[in-house]
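Q: Let me give you the structure first, and then I'll get to my questions.
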Amino acid sequence: MLRLARMKAAHGTARRRIPLVLLMFAMLGAALPAGRTDRLSWEMLPAQDSQGRTLGTLVVSSILRSGSSDAQRPTLIVFNGGPGASSAWLQLGLLGPLQADLPADPAVPIPSVPRLRAAPGRIGDLADVLFVDPLDTGFSRRAANVDAKRVRTLDADGDYLARAIALWLARHDRVGQPVVLVGESYGAERAVAVADAWQRTGAGIHLAGLVLISQTVLNEFALSQEDRALALVTGLPTLAATACYHRLVDGAARDPDACAEQAAALDTLVTQPVFAGGSQPISRNAYRMVALQDRQRALGMYDSRRTAPVDPGRSWQDPSLAPLLQAMSHAMPRYNRALLGLTRSPVDGSAYVLYDPLIRATWQPTPGGAYGLADRLGTVLRTSGARLLVAGGLFDCVGSVGADRLLLSRLGLPPGTASAVRYPGGHMFYLDPQNRARFRARLERFLRDLAPGRPSRTDLPASPEKA
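Residues in the sequence shown are numbered from 3 upward in steps of one, following my numbering.
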């Protein structure tokens, strides 16, 4: 606590804020309740290593309710993954005041220039929200004299973000209030690293929960290096759901969720689509290239429901990611301009970075084997008493609902502290308006359950959670 107070005093002049223009919501057709005091603002935070040396400058945005005296009001700290992705996905898809209007039907093409709509829900009624863009993503920038290798490892990433977030909490008088880390994809790994850094350094943060969306803390790709058979079995629910969706299963239920549940329980193995040559199982990534080979179509990696003609000249293709990148690349600059008044980075004047594949390509592997990070997560949860919510999409071939099951089994947490839910979507399942509404309702229940004396539950539903 004393350490945070000193940080606040040392860096209190670094704030940059632009209040949210409330009339913007009226212009967009959304009514504001009387007395609403939420603010959307941006500010800059120093990114520093453990020796206090400058690594760069973070540009973060937040939704805050001013004047709140509720000591139990949580703050959501939100990351996307990649590595190399900004927080645009969770802003435009789940928690931001404006959201990209994208089709729910995978057969409908994703518009290259999607409309922005006012969010129907008000997450600010339950929590404050901080959106974090790591160095070299969004408007955040690494210092010119800092080698990328210094910040492109899991622990280096988690350490400088943990320090910056602790400073932000001190600036805004939220030290001691509940904090919930929300991470999507690699952002789930980042959330574990940040929580671990707080515990190692005695930062005094009240970690109340972790929400892991399409998590890769435990995943088929890492598992395959140690136990290929287990990795393939972990991917079976995704393969089965995909096969059912594309009507490739004879004599079996056509409901993808039911197919996934059967595969997860190993009550049945869908032989023709799941096994290559009738004998050997294949990975999800291999399956998406052969499932519709008779139609000369490839399945999406981030959403296996989406398909495109096979391009023989390309060694890798993903029909589900490219159109989303294009849509979000158009949507996020409009969001930033309308709500934050930003068109260029206040650090160096450069353009917003939605996703930089070079960051992922130069990211250094995380040591510890397939279970190393999962075991670190278990230690964080047991030490802090924080609760866990894991959410995934049935048609995700990056994370997987099978890996979500395996993660909860590995953690072995006490009843009432962890839950896992799944939705009929891909890696970014929350971009579907129906999934978004249902998951937001689940997230809101999770936040309410954090209050002292509130009951919780451990559940792994046999079907996607209903609103």
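Even glycine gets a Cβ: it sits at the ideal position worked out from N, Cα and C.
#1: Between residue 181 and residue 421, what straight-line distance do the alpha-carbon atoms span, to the nearest angstrom?
#2: Contact check, residue 216 vs residue 140 under 8 Å by CB: the rounded distance?
#3: Using DSSP with H/G/I as helix, E/B as strand and the rest coil, what is residue 61?
#4: Look up residue 449 in the DSSP assignment and say whether it is helix, strand or coil.
#5: Got a sec, what are the start and stop residues for the beta strand (DSSP E) residue 431 sits in?
#6: Output the boundary residues of the alpha helix (DSSP H) element that contains residue 119.
#7: Run through the DSSP bridge pairs and tell me what residue 81 is partnered with.
#8: In terms of residue numbering, what span does the alpha helix (DSSP H) encompassing residue 385 cover?
#9: Could you tell me whether the Cβ atoms of residue 346 and residue 373 are closer together than 8 Å?
#10: Would you decide whether residue 360 is buried or exposed? Buried here means 16 or more other CB atoms lie within 10 Å of its CB.
#11: Which residues bound the alpha helix (DSSP H) around residue 406?
#12: With DSSP run on the structure shown, which of helix, strand or coil describes residue 305?
#13: Using the Cα positions of residue 148 and residue 168, report the straight-line distance between them to the nearest angstrom.
#14: Got a sec? Which residues, its chain only, sit under 8 Å from residue 414 by beta carbon, not counting five neighbours each side?
#15: Only counting the same chain, and skipping five residues up and downstream in sequence, which positions put a Cβ closer than 6 Å to that of residue 306?
#16: List the whole-angstrom C-beta distance separating residue 365 from residue 122, where the pair is believed to meet the contact cut-off of C-beta under 8 Å.
#17: Give the DSSP bridge partners of residue 56, in chain order.
#18: If I measure Cβ to Cβ from residue 342 and keep anything under 8 Å in the same chain, skipping five residues before and after, which residues do I get?
#19: Residues in its own chain within less than 7 Å of residue 1 by CB, not counting five upstream and five downstream?
#20: In angstroms, rounded to a whole number, what distance separates the CA positions of residue 311 and residue 300?
#21: Buried or exposed for residue 218, please, with buried defined as at least 16 other CB atoms from any protein chain shown within 10 angstroms of its CB.
#22: For residue 314, which option in 304, 135, 295 and 327 has the closest C-alpha, if you only look at C-alpha atoms?
#23: Is residue 101 helix, strand or coil when you go by DSSP?
#24: Measure from the alpha carbon of residue 106 to the alpha carbon of each residue in 98, 214 and 431, then state which is nearest.
#25: Does the count of Cβ pairs from the region 195 to 202 and the region 157 to 167 closer than 8 Å reach three?
#26: Less than 8 Å between the CB atoms is what I'm expecting for residue 242 and residue 262, so what's the real figure, rounded?
#27: Is the Cβ-Cβ distance between residue 205 and residue 388 less than 8 Å?
#28: Taking the alpha carbon of residue 185 as the reference point, which residue from 409, 404 and 393 has its own alpha carbon closest?
#29: Which same chain residues end up closer than 7 Å to residue 385 when comparing Cβ atoms and leaving out the 5 residues on each side of it in sequence?
#30: Can a CB atom of chain D be found closer than 8 Å to the CB of residue 79?
#31: Answer with buried or exposed for residue 25, where buried requires no fewer than 16 other C-beta atoms within 10 angstroms of its C-beta.
#32: Decide if residue 109 is buried, meaning its Cβ has at least 16 other Cβ atoms within 10 Å, or exposed.
#33: Just curious, the alpha helix (DSSP H) that residue 167 is in, first and last residue?
#34: According to DSSP, simplified to helix, strand and coil, what is residue 131?
#35: Helix, strand or coil: how does DSSP classify residue 215 here?
#36: Just reading off the alpha helix (DSSP H) that residue 336 is part of, what are its end residues?
A: Per the coordinate set shown:
#1: 18 Å
#2: With a Cβ gap of about 19 Å, residue 216 and residue 140 do not count as contacting.
#3: strand
#4: helix
#5: Taken as a continuous stretch (DSSP letters only), residue 431 belongs to no beta strand (DSSP E), as it is neither H nor E.
#6: Here residue 119 belongs to no alpha helix (DSSP H); instead the beta strand (DSSP E) covers 118 to 120.
#7: 185
#8: 371 to 386
#9: no
#10: exposed
#11: 403 to 413
#12: coil
#13: 22 Å
#14: 380
#15: 244, 290, 397 and 399
#16: About 36 Å; that fails the 8 Å criterion.
#17: 50
#18: 20, 42, 43, 44 and 63
#19: Absent from the model: residue 1. The displayed extent of the chain is 3 to 469, so no value can be given.
#20: 6 Å
#21: buried
#22: 295
#23: strand
#24: 431
#25: yes
#26: 5 Å
#27: no
#28: 393
#29: 201
#30: Here chain D cannot be found, since the structure has a single protein chain.
#31: Reliability of the predicted coordinates at residue 25 is poor, the pLDDT of 35 falling under 50, and the value obtained from them is presented with this limitation in mind. The residue in question, residue 25, is exposed, as its Cβ has fewer than 16 Cβ neighbours within 10 Å.
#32: exposed
#33: 156 to 173
#34: strand
#35: strand
#36: 324 to 342
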